[in-house]
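Trainee:
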Amino acid sequence: MKRKRKLAGGAKMGFLFALPAAVYMLVFIGYPMIQNLILSFKNVDVFSFAQPQNQKFIGFQNYIELFTSSNSILTKSIINTLIFTVGSIFFQFIIGFGLALLFNKKFPGCSFFRGMTMISWLLPVTVAGLLFKFMFASSGGIINQFLMALNLIDAPMEWLLKPSTAMVAIVIANIWIGIPFNMMLLITGLTTIPADIYESCSLDGANKVQTLFKITIPMIKPAIMSVLTLGFVYTFKVFDLVWVMTKGGPINSTELVSTYAYRLSFEEFQFSKGAAAANVLFLILLVVGIFYIKLINEEEESM
Amino acid sequence: MKAKKLAALALGLGTACMTVAGLGMAASAEEGKKEVVIWDYFETDAQKQMMQTLIDGFNESQDEFTASHTYVPFADYEKQLTLGIASGQLPDLVILDGCGMASFIQLGLFGDISDADINWDEYIAGPLESTMMDGKHYGIPFATNCTALYYNKDLFDAAGIDYPNEETTWDDFREMAKALTKDGVFGFGNAATNTDEGTFQCLQWLYTAGGSYTDIESGVDAYTLMQEMIEEGSWTKECVNWTQSDVNNNFMAGNIAMQQNGPWQIPGIEANAPDLNYGVTVLPKRNADAGQATSILGGENMGVVNKEDMSGAKAFLQYYDQTDVMVEAMKLYGSYPPKTEAAKDSYWTDDPIQKAFLTQIETSIPRGPSALWPSYSSAIQTGFQEVMTSAKTPEQAAADTQAAVDAIG
Numbered sequence: 001m002k003r004k005r006k007l008a009g010g011a012k013m014g015f016l017f018a019l020p021a022a023v024y025m026l027v028f029i030g031y032p033m034i035q036n037l038i039l040s041f042k043n044v045d046v047f048s049f050a051q052p053q054n055q056k057f058i059g060f061q062n063y064i065e066l067f068t069s070s071n072s073i074l075t076k077s078i079i080n081t082l083i084f085t086v087g088s089i090f091f092q093f094i095i096g097f098g099l100a101l102l103f104n105k106k107f108p109g110c111s112f113f114r115g116m117t118m119i120s121w122l123l124p125v126t127v128a129g130l131l132f133k134f135m136f137a138s139s140g141g142i143i144n145q146f147l148m149a150l151n152l153i154d155a156p157m158e159w160l161l162k163p164s165t166a167m168v169a170i171v172i173a174n175i176w177i178g179i180p181f182n183m184m185l186l187i188t189g190l191t192t193i194p195a196d197i198y199e200s201c202s203l204d205g206a207n208k209v210q211t212l213f214k215i216t217i218p219m220i221k222p223a224i225m226s227v228l229t230l231g232f233v234y235t236f237k238v239f240d241l242v243w244v245m246t247k248g249g250p251i252n253s254t255e256l257v258s259t260y261a262y263r264l265s266f267e268e269f270q271f272s273k274g275a276a277a278a279n280v281l282f283l284i285l286l287v288v289g290i291f292y293i294k295l296i297n298e299e300e301e302s303m
Numbered sequence: 304m305k306a307k308k309l310a311a312l313a314l315g316l317g318t319a320c321m322t323v324a325g326l327g328m329a330a331s332a333e334e335g336k337k338e339v340v341i342w343d344y345f346e347t348d349a350q351k352q353m354m355q356t357l358i359d360g361f362n363e364s365q366d367e368f369t370a371s372h373t374y375v376p377f378a379d380y381e382k383q384l385t386l387g388i389a390s391g392q393l394p395d396l397v398i399l400d401g402c403g404m405a406s407f408i409q410l411g412l413f414g415d416i417s418d419a420d421i422n423w424d425e426y427i428a429g430p431l432e433s434t435m436m437d438g439k440h441y442g443i444p445f446a447t448n449c450t451a452l453y454y455n456k457d458l459f460d461a462a463g464i465d466y467p468n469e470e471t472t473w474d475d476f477r478e479m480a481k482a483l484t485k486d487g488v489f490g491f492g493n494a495a496t497n498t499d500e501g502t503f504q505c506l507q508w509l510y511t512a513g514g515s516y517t518d519i520e521s522g523v524d525a526y527t528l529m530q531e532m533i534e535e536g537s538w539t540k541e542c543v544n545w546t547q548s549d550v551n552n553n554f555m556a557g558n559i560a561m562q563q564n565g566p567w568q569i570p571g572i573e574a575n576a577p578d579l580n581y582g583v584t585v586l587p588k589r590n591a592d593a594g595q596a597t598s599i600l601g602g603e604n605m606g607v608v609n610k611e612d613m614s615g616a617k618a619f620l621q622y623y624d625q626t627d628v629m630v631e632a633m634k635l636y637g638s639y640p641p642k643t644e645a646a647k648d649s650y651w652t653d654d655p656i657q658k659a660f661l662t663q664i665e666t667s668i669p670r671g672p673s674a675l676w677p678s679y680s681s682a683i684q685t686g687f688q689e690v691m692t693s694a695k696t697p698e699q700a701a702a703d704t705q706a707a708v709d710a711i712g
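Top to bottom, those sequences are chains A and B.
In case it helps, this note's numbering puts the first sequence at residues 1 to 303.
In case it helps, this note's numbering puts the second sequence at residues 304 to 712.
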């Protein structure tokens, strides 16, 4: 009897502790989200913005037009975003994992070099974008100079001028920015593996490759899954890098959902369509987010 | 002891700050003047000096209002205005790009000031039209300009060809550009980036070819010229990512022999490349029988934000409406006054470079005006980029852009 009352008191305290976070979420995340959802079902554009009486609910029309109208590039921007995200994450992860394994070994200057690799993560993204824009310039850009000096190409590549290579260029820039994020999370994972496990498997005669695939990777699976899902979310909503490097061009070949939503709302004043495009982005990330939460819960249960 | 001293010092400083702040408030309240806040996106020293001179002049000319200005970065400008309309945090006057005004009138940002005491009939028609909607006035043009053709005299002399002039046709221009393209120098470059800045420069070619912003297919010759010159290498392909300052930087560095650009680049050239031997003339015309090429009007408008009391903003416009005030400001700014008579000041007419721009302005037209201009601009610029990167043939790009433009209206 006494014990039960204590629990109830504990639950009350729990709610009390959760209250600030809940209020914060409601005000700063819940409210804008709901407003945005409502806006996306209306017809607010340059003509009806100043006349609330002309703002009407039009159901899913904005969404339908975004997906079917010939002037809309939403489908194209979703495909672009997927290419951008998968391309970035694949290389970020592999390189980040390689560096994590390297810096997990103790060698002279290890912590210094590990610190140095963080620079690309600390640099403001707009600065990194500008640097890469200069480096990828067709005439005088260091990347072309370098490739030509190595005789890999004869004439300067038009990196940011051709639709296909512009996407490659922004993916390369984003890989460079994202490597430290992958590396640091994976190093944290690696430090949780007790040294005696490695000792015992080397006594059992396991070679390096076997150790990597049978011990290291399974042991840090939670860290790997976190890196991949968080990386997906961060990359999928990238805006500043692309805005600085290409503004979505040439010919919309690097238009991402985020830049397209911004363009609709703040350049073309199609507020409702912009809100709808942003909601499509949100929906895709929501699915990834639910997947991530489910994953974490499974890991916690299995522990 | 030391800690105590520090604390005392901090306390003292704090009190001093509060006192100063208090005095500041008292001072402005004491004068009892109404405030007029102006937003602008002026970045260069010359532009800032121009604004300060204007504001000082206005504040001394009367004792009812005090004007001040706030800088908002150009990249954020339209976004800040849009957010301002939603939140109500707005200045009294806004200086903005002329082609954006129609959208913001439609968005309800500006108030009707048709009753203000302004000499409306002295203004050049194109810029004035961009401050109006349905016959009502929402502000006045602030500065006007257009792009023309800059050429590097040294590079022309080295190649042994005559400078371009008012008789230069597209064919002549193409031959010149071809002859100048060598040793890492491109004949010509302009700004064709994926924003309205690109549309501003590219659109004139379409108009000169006989098209308009709603009739793309009649201007298909412009597409053909661009694509062929870029394929020849005489018009740099790099321009699909170039802004107008990128173009000017490359012109100053001698990477391009001719550039399309506006008069606001002149102070920058004088400061950064004082030895550059260059001239300016009107843009090339379609052919020998055609009239002078069309250019696109640029420049800023001053719009009066819709408030209950717009008297301060109107007073500022009336101050600026005086021809001599306007002329002095525009000399500092590097643009032209939007009044026909004011632009005839000897400061401009005696200078061959400035005079070339004034000649070009005579055949310049505004973008739009349309509240949907941003959508038109985006569709049109996609067309130019498709042609310049050879993603589509001129005919295909014209048909597709025409369809995109038709879908907007």
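Idealized CB from N, CA, C, for every residue including glycine.
Please go through the same chain and pick out, in chain order, the residues whose beta-carbon is closer than 8 Å to the beta-carbon of ILE599(B), but skip the five residues on each side of it.
Mentor: Indexing the second sequence from 1 puts residue 599(B) at position 296. For ILE599(B), where only same-chain residues beyond five positions count, the Cβ hits under 8 Å are CYS449, THR450, PHE503, GLN504, LEU506, GLN507, TYR510, SER667, ILE668, PRO669, ARG670.
Trainee: Classify ASN151(A) as helix, strand or coil using the three-state DSSP reduction.
Mentor: For the purposes of this step, residue 151(A) is taken as the residue at position 151 of the first sequence. Coil.
Trainee: Could you give the distance in angstroms between the alpha-carbon of ILE177(A) and the alpha-carbon of ALA169(A)?
Mentor: By 1-based counting over the first sequence, the position of residue 177(A) is 177. By 1-based counting over the first sequence, the position of residue 169(A) is 169. Spanning the two alpha carbons is a distance of roughly 13 Å.
Trainee: Tell me, to the nearest whole angstrom, how far the beta carbon of GLY274(A) is from that of LEU264(A); I am working on the premise that it is less than 8 Å.
Mentor: Position 274 of the first sequence, counting from 1, holds the residue named residue 274(A). Position 264 of the first sequence, counting from 1, holds the residue named residue 264(A). Contact flag correct, Cβ pair sits at about 4 Å.
Trainee: Give me the chain B residues within the contact set of PRO163(A), using Cβ-Cβ distance strictly less than 9 Å, ordered along the chain.
Mentor: Stepping through the first sequence from its first residue, residue 163(A) is reached at position 163. Within 9 Å Cβ-Cβ: THR692, ALA694.
Trainee: Rounded to whole angstroms, how far is the Cβ of ILE179(A) from the Cβ of SER120(A), which I believe are closer than 8 Å?
Mentor: Walking along the first sequence from the start, residue 179(A) turns up at place 179. Walking along the first sequence from the start, residue 120(A) turns up at place 120. That pair is a contact at about 7 Å.
Trainee: How is LYS337(B) classed by DSSP in three states: helix, strand or coil?
Mentor: Sequence index remark: in the second sequence, residue 337(B) carries index 34 (1-based). The answer is strand: DSSP assigns LYS337(B) an E or B state.
Trainee: Check the Cβ-Cβ distances between SER681(B) and every residue of chain A, and say whether any is below 8 Å.
Mentor: Along the second sequence, one-based indexing puts residue 681(B) at 378. Yes, contact with chain A.
Trainee: Measuring straight from C-alpha to C-alpha, what distance separates ASP499(B) and PHE687(B)?
Mentor: The sequence position of residue 499(B) within the second sequence is 196, counting from 1. The sequence position of residue 687(B) within the second sequence is 384, counting from 1. For ASP499(B) and PHE687(B), the distance between alpha carbons rounds to 12 Å.
Trainee: Quick one: which chain A residues come within Cβ less than 9 Å of THR280(B)?
Mentor: The displayed coordinates of chain B run from 304 to 712. Any statement about residue 280(B) would go beyond what the structure contains.
Trainee: Within the continuous alpha helix (DSSP H) that includes VAL583(B), where are the two ends?
Mentor: The residue you call residue 583(B) lines up with position 280 of the second sequence. Unbroken run through VAL583(B) is the beta strand (DSSP E), 581-584; no alpha helix (DSSP H).
Trainee: Starting from PRO108(A), find everything on chain B with Cβ-Cβ shorter than 7 Å and list it in chain order.
Mentor: Your numbering for residue 108(A) matches position 108 in the first sequence. Within 7 Å Cβ-Cβ: nothing; PRO108(A) doesn't reach chain B, min ~43 Å.
Trainee: Could you work out which residues of chain B lie near PRO194(A), taking near to mean beta carbons separated by less than 8 Å?
Mentor: By 1-based counting over the first sequence, the position of residue 194(A) is 194. Those do not exist, as PRO194(A) stays about 48 Å from chain B at its closest Cβ, beyond 8 Å.
Trainee: Taking THR447(B) and SER678(B) to be in contact with their CB atoms under 8 Å, please state how far apart those CB atoms are, rounded to whole angstroms.
Mentor: Against the second sequence, residue 447(B) aligns to sequence position 144. Against the second sequence, residue 678(B) aligns to sequence position 375. Incorrect: roughly 24 Å between the Cβ atoms, too far for contact.
Trainee: For LYS56(A), is the classification buried or exposed, using 16 other Cβ atoms within 10 angstroms of its Cβ as the cut-off for buried?
Mentor: Sequence index remark: in the first sequence, residue 56(A) carries index 56 (1-based). LYS56(A) is exposed by the Cβ-count criterion.
Trainee: Would you decide whether LYS647(B) is buried or exposed? Buried here means 16 or more other CB atoms lie within 10 Å of its CB.
Mentor: As a working mapping, residue 647(B) is identified with position 344 in the second sequence. Result: exposed.
Trainee: Whose C-beta lies closer than 8 Å to the C-beta of ALA405(B) among residues of the same chain, with five residues either side of it excluded?
Mentor: Within the second sequence, numbered from 1, the residue matching residue 405(B) stands at position 102. Excluding sequence neighbours, ALA405(B) sits near SER433, MET436, GLY671, PRO672, SER673, ALA674, TRP676.
Trainee: So that I know if they touch, is there some Cβ in chain B lying closer than 8 Å to that of GLY248(A)?
Mentor: As a working mapping, residue 248(A) is identified with position 248 in the first sequence. It does: the Cβ of GLY248(A) has a partner Cβ on chain B nearer than 8 Å.
Trainee: Measure the C-alpha to C-alpha separation of LEU212(A) and SER139(A) and round it to an integer number of angstroms.
Mentor: One-based indexing of the first sequence puts residue 212(A) at position 212. One-based indexing of the first sequence puts residue 139(A) at position 139. For LEU212(A) and SER139(A), the distance between alpha carbons rounds to 44 Å.
Trainee: For a contact defined as C-beta to C-beta under 9 Å, what are the partners of THR498(B) on chain A?
Mentor: The count along the second sequence starts at 1 and reaches residue 498(B) at position 195. Per Cβ cutoff of 9 Å: LYS247, GLY249, GLU267.
Trainee: Which one or two residues does DSSP pair with ASN604(B) in a beta bridge?
Mentor: Sequence index remark: in the second sequence, residue 604(B) carries index 301 (1-based). BP columns for ASN604(B) point to LEU399(B), PRO444(B).
Trainee: Can you have a look at GLU698(B) and say buried or exposed, based on whether 16 or more other CB atoms are within 10 angstroms of its CB?
Mentor: Locating residue 698(B) in the second sequence gives position 395, where the first residue counts as 1. That one is exposed.
Trainee: Can the beta-carbon of LEU458(B) be found less than 8 Å from the beta-carbon of VAL488(B)?
Mentor: Counting from 1 along the second sequence, the entry for residue 458(B) is found at position 155. Counting from 1 along the second sequence, the entry for residue 488(B) is found at position 185. Cβ atoms of LEU458(B) and VAL488(B): closer than 8 Å.
Trainee: Beta strand (DSSP E) containing ASN455(B): first to last residue?
Mentor: Here residue 455(B) refers to the residue found at position 152 of the second sequence. Looking at the DSSP string, the run of the beta strand (DSSP E) that includes ASN455(B) is 451-455.
Trainee: Take the Cβ of GLU300(A) as the centre, count every other Cβ of all protein chains shown within 10 Å, and call the residue buried at 16 or more, exposed below.
Mentor: Here residue 300(A) refers to the residue found at position 300 of the first sequence. Exposed, by the Cβ-count rule.
Trainee: So the candidates are TRP651(B), ASN575(B), PHE368(B); which of them puts its Cα closest to the Cα of VAL630(B)?
Mentor: Translated into the one-based positions of the second sequence, residue 630(B) becomes position 327. With distances taken between Cα atoms, VAL630(B) lies closest to TRP651(B).
Trainee: List, in order along the chain, the chain A residues whose C-beta lies closer than 9 Å to that of GLN409(B)?
Mentor: Working through the second sequence from its first residue, we reach residue 409(B) at position 106. Those are VAL46, PHE47, PHE49, ALA50, PHE269, listed as they occur along chain A.
Trainee: Please list the segments of the alpha helix (DSSP H) lying wholly inside the region 482-566 of chain B, counting only runs of 4 or more residues, in order along the chain.
Mentor: Segments of the alpha helix (DSSP H) lying fully in the region 482-566 of chain B: 499-511, 523-535, 547-555.
Trainee: Does GLN699(B) have its Cβ less than 8 Å from a Cβ in chain A?
Mentor: Stepping through the second sequence from its first residue, residue 699(B) is reached at position 396. Chain A, which has no Cβ nearer than 8 Å to the Cβ of GLN699(B), makes this no.
Trainee: My understanding is that THR385(B) touches LEU635(B), with C-beta atoms under 8 Å, so please give their C-beta distance in whole angstroms.
Mentor: The residue given as residue 385(B) occupies position 82 in the second sequence. The residue given as residue 635(B) occupies position 332 in the second sequence. With 8 Å as the limit, THR385(B) and LEU635(B) do not qualify as a contact, their Cβ atoms being about 30 Å apart.
Trainee: Can you say whether SER371(B) is buried or exposed, counting buried as having 16 or more other CB atoms within 10 angstroms of its CB?
Mentor: Taking the first residue of the second sequence as 1, we reach residue 371(B) at position 68. SER371(B) should be labelled exposed.
Trainee: By the DSSP assignment, the alpha helix (DSSP H) with THR626(B) in it spans what residues?
Mentor: On the second sequence, position 323 is the one that residue 626(B) refers to. Looking at the DSSP string, the run of the alpha helix (DSSP H) that includes THR626(B) is 626-636.
Trainee: Counting only beta-carbon atoms, is GLU381(B) nearer than 8 Å to chain A?
Mentor: Locating residue 381(B) in the second sequence gives position 78, where the first residue counts as 1. With 8 Å as the cut-off, GLU381(B) counts as an interface residue toward chain A.
Trainee: Step through the CB atoms of chain B and report whether any lies within less than 8 Å of the CB of GLU158(A).
Mentor: By 1-based counting over the first sequence, the position of residue 158(A) is 158. Closer than 8 Å: yes.
Trainee: For the alpha helix (DSSP H) holding TYR262(A), just list the boundary residues, first then last.
Mentor: Position 262 of the first sequence, counted from the start, is the residue given in the question as residue 262(A). Start and end: 257-262.
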